[in-house]
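Down below is the structure, laid out as structure tokens.
2 protein chains.
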Amino acid sequence: MTVSPPRPKGPPLNALRAFEAAARLNGFSNAAEELCVTPGAIAQHIKSLEAWAGSDLFVRQSQGVRLTPLGAGVIEDFSNAFDKLGEAVQNLRLRAAPKHIRIAALPSVAQLWLSPRLPEIRREIADITVSITAMETAPNLLREPYDLSIFFEDHPLLPEGIEICRDSIFPVCTAELAKELNNPSDLINFPLIQDTSWSEDWKYWTEANYPDQKIKLEGPVFSLYSLALEETRNSAGILIGHEPLVRRLLDLGELVAPLPGALPLKRSLMARIAKPATKNQALKKIMAVLLGSDKPKPQA
Amino acid sequence: MTVSPPRPKGPPLNALRAFEAAARLNGFSNAAEELCVTPGAIAQHIKSLEAWAGSDLFVRQSQGVRLTPLGAGVIEDFSNAFDKLGEAVQNLRLRAAPKHIRIAALPSVAQLWLSPRLPEIRREIADITVSITAMETAPNLLREPYDLSIFFEDHPLLPEGIEICRDSIFPVCTAELAKELNNPSDLINFPLIQDTSWSEDWKYWTEANYPDQKIKLEGPVFSLYSLALEETRNSAGILIGHEPLVRRLLDLGELVAPLPGALPLKRSLMARIAKPATKNQALKKIMAVLLGSDKPKPQA
DNA sequence: TATTAGGCCTAGGAAAACTATGGCATCATA
DNA sequence: TATGATGCCATAGTTTTCCTAGGCCTAATA
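Protein chains in written order, with our numbering: chain A, 1 to 300; chain B, 1 to 300.
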């Protein structure tokens, strides 16, 4: 029954954002990563918010946290509110610089698929700036400042996003090596190059095409697909190639596909457009170029 | 056409809030007041946001600011987003402490109308805490941490909020002074007490009831109605009384209304409930007490 | 029994936010 | 034409907030 003089303040906005991220991503560490801070910072924000509210939002367990009923009861509102806010920010950014389009893509996609298409974009669309940011995981387009994301995505039950092209895998190497590679059993004689993030590729491909064939699934491993590709061009071995990423070198004749049997994966190169960007003229043109440019030449 | 390494960050949340407030309230100074900071702080926030976006949001004029087309184009999104966020915070606060109800009211209302009703609330509703914050202007219940606001509001075209009772004005004084006050012309012999924020009251009342009567519209002025009322009880003069605020002293017999002619104003004491609080049990009971307590004894 | 993953705490330092002050331009008033 | 009031800007200095670092704890895993 107090009659307090100063207008009481709400909680700090940053604490709310930390709470929302921690709840959505299921842990302080994940939230910390998204917000580019240390987990300790998240813990402090959330503690201050809990102090403000007067009760706990998370149950701390030895490994990970769990929302309390109170936390679970309010998180949806916060997520929606921050989505709206993120959308408003996206809208502001895009309206302020409608000729500046920001694209987020997997490093390999940025370098091997997107980069070769930039000259055409520049040619087609005058007076435009395109920024490309390479990252391992797709950004949340409701929150992060990108207009377009291009990533490989496993096929969901219900299609969403814009499919650019289906992913499929098959071995590739230089013409030089291909001469000594006449049937699958010859693979045993070469280093089999692979990418860390797609370490099952060789297994999938051999199982699908030559289930009886035993193949040593060892060889150089690269964390950057473009490095793996470069090594392959240096005849360092046979790479398990992803069609959208190797097509250009095949077309140029710098690499060949020595063995038949391309394996289509339940995964595609997908584009997603931030909602406020859907009406942007520059982006529409970019999409037209990117989608038009993709006339797959089936391999195998 | 850059390929930048670190994930670019969005703008600081506090800058967004400053922008939203400045746009909504039409000026940096007003925003500063709402956010309890100096205008300079707002100016800096907005400048940083403009720097982030790369273009101006406000046109600075010698007296006041005006939104640029860009600013005008995005402000609605921001306002909606912050409304949502405010609602989420309200919801959190209320769920965290469902037995703690916060009421905002005009100082005079808090002291003269609300305060006498608190004992009944305490009696009716066990286990509850009521905080009352007195303020001159009604809080934005979507943003500020109150569950209920009680203020005088002029009648709008379309009714909104919950009407507690109509405001009407008429002179009041002690029985002692009333003896010497038998007709309106006697008013000239007494100091006419008034409140700063309702400085037209005496004029309205005399014009409505005794248009031919000339009255000296001068006398002690108080910025707190409860002070004016206290002085009236000390027989310092005649107060132009607001029915909801003086009724109790009339009922107690400590003051009387010496002259006929209560003037109903196009204004009522109105309650407003924050949206997340509408479902709160404690608040429902409080509203029942407050509305039930008001059985006006018409004066004349 | 190590190891790891995830979170907590505290101290100290970095960054952000805010205040204070002086200045300028416009408008209304005297 | 002074004069004051309003409203914003710029800068410097201060306060507050935020963040990191590093040590500690617990439970699950190998």
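Glycine included, C-beta positions come from ideal geometry on N, C-alpha and C. Everything numeric in this text was worked out from a predicted model, so none of it was measured.
Start and end residues, beta strand (DSSP E) containing residue i
{"i": "B/His242", "result": "238 to 242"}
{"i": "B/Val172", "result": "162 to 172"}
{"i": "B/Ala105", "result": "100 to 105"}
{"i": "A/Ala134", "result": "129 to 134"}
{"i": "B/Ile215", "result": "Premise fails: B/Ile215 is in no beta strand (DSSP E) and is neither H nor E."}
{"i": "A/Gln194", "result": "192 to 195"}
{"i": "B/Val59", "result": "58 to 60"}
For residue j and residue i, believed in contact at Cβ under 8 Å, the rounded distance
{"i": "A/Leu250", "j": "A/Val172", "result": "7 Å"}
{"i": "B/Ile169", "j": "B/Leu265", "result": "7 Å"}
{"i": "A/Phe152", "j": "A/Leu106", "result": "7 Å"}
{"i": "B/Ala96", "j": "A/Leu70", "result": "6 Å"}
{"i": "A/Trp52", "j": "A/Leu245", "result": "About 49 Å separates the two Cβ atoms, so there is no contact after all."}
{"i": "B/Leu283", "j": "B/Ile101", "result": "6 Å"}
{"i": "B/Ile273", "j": "B/Asp147", "result": "7 Å"}
{"i": "B/Tyr204", "j": "B/Leu141", "result": "About 30 Å separates the two Cβ atoms, so there is no contact after all."}
{"i": "B/Ser149", "j": "B/Pro156", "result": "Contact doesn't hold; Cβ gap of about 15 Å is too wide."}
Where residue i falls, given that 16 or more other Cβ within 10 Å makes a residue buried
{"i": "B/Arg60", "result": "exposed"}
{"i": "B/Asn26", "result": "exposed"}
{"i": "B/Ile188", "result": "exposed"}
{"i": "A/Val221", "result": "exposed"}
{"i": "B/Pro11", "result": "buried"}
{"i": "B/Glu87", "result": "buried"}
{"i": "A/Leu143", "result": "Here residue 143 of chain A is Arg; the residue named in the question, Leu, does not match the sequence. By the 10 Å Cβ count, A/Arg143 comes out buried."}
{"i": "B/Asn91", "result": "buried"}
{"i": "B/Leu228", "result": "Looking at the sequence provided, one finds Ala at residue 228 of chain B rather than Leu. B/Ala228 is buried by the Cβ-count criterion."}
{"i": "B/Gln111", "result": "buried"}
{"i": "A/Thr137", "result": "exposed"}
{"i": "A/Leu94", "result": "buried"}
{"i": "A/Pro258", "result": "buried"}
{"i": "B/Pro145", "result": "buried"}
{"i": "A/Pro276", "result": "buried"}
{"i": "A/Leu158", "result": "exposed"}
{"i": "A/Ala18", "result": "buried"}
{"i": "A/Ser306", "result": "With chain A running from 1 to 300 in the structure shown, residue 306 of chain A is simply not present."}
{"i": "A/Leu252", "result": "exposed"}
{"i": "A/Asn182", "result": "exposed"}
{"i": "B/Glu243", "result": "buried"}
Beta-carbon contacts of residue i that lie in its chain and below 8 Å, excluding the five residues immediately before and after
{"i": "B/Glu254", "result": "Thr174, Arg233"}
{"i": "A/Leu13", "result": "none"}
{"i": "A/Ala21", "result": "Asn30, Ala31, Glu34, Leu35, Ile42"}
{"i": "B/Ala236", "result": "Pro191, Ile193, Pro220"}
{"i": "A/Val256", "result": "Val172, Cys173, Thr174, Ala175, Ala178, Leu250"}
{"i": "B/Ile215", "result": "Pro184, Leu187, Ile188, Leu192, Trp202, Thr206"}
{"i": "B/Leu67", "result": "Ala23, Leu57, Phe58, Val59, Ile75"}
Bridge-paired residues (DSSP) for residue i
{"i": "A/Thr206", "result": "The partner list for A/Thr206 (beta bridge, DSSP) is empty, contrary to what the question assumes."}
{"i": "A/Ile273", "result": "A/Leu148"}
{"i": "A/Ala41", "result": "DSSP lists no partner for A/Ala41."}
{"i": "A/Asp154", "result": "A/Arg267"}
{"i": "A/Val65", "result": "A/Arg60"}
{"i": "A/Val221", "result": "A/Gln194"}
{"i": "A/Val256", "result": "A/Cys173"}
Residue span of the alpha helix (DSSP H) that contains residue i, given as start and end
{"i": "A/Met287", "result": "281 to 292"}
{"i": "B/Ile75", "result": "69 to 96"}
{"i": "B/Ser29", "result": "28 to 34"}
{"i": "B/Ile121", "result": "118 to 124"}
{"i": "A/Leu25", "result": "13 to 25"}
{"i": "B/Ser226", "result": "225 to 233"}
{"i": "A/Leu177", "result": "175 to 178"}
6 Å Cβ shell around residue i - same chain, five flanking residues per side excluded
{"i": "B/Glu50", "result": "Asp56, Leu57"}
{"i": "A/Lys47", "result": "none"}
{"i": "B/Thr133", "result": "Ala104"}
{"i": "B/Ile238", "result": "Pro171, Cys173, Phe190, Leu192"}
{"i": "B/Lys297", "result": "Low per-residue confidence applies at B/Lys297: pLDDT is 46, beneath 50, and the placement is therefore not dependable, though the value from the model is reported in the following sentence. For B/Lys297, where only same-chain residues beyond five positions count, there are no Cβ hits under 6 Å."}
Contacting residues, own chain, Cβ-Cβ under 7 Å from residue i (five flanking each side not counted)
{"i": "B/Asp186", "result": "Glu180"}
{"i": "B/Met1", "result": "Model confidence at B/Met1 stands at a pLDDT of 40, short of 50, so the residue's coordinates are unreliable; what they give is reported in the following sentence. Cβ neighbours of B/Met1 beyond the five flanking positions: none."}
{"i": "A/Val289", "result": "Arg117, Glu120, Ile121, Glu124"}
{"i": "A/Lys285", "result": "Glu124, Ile125"}
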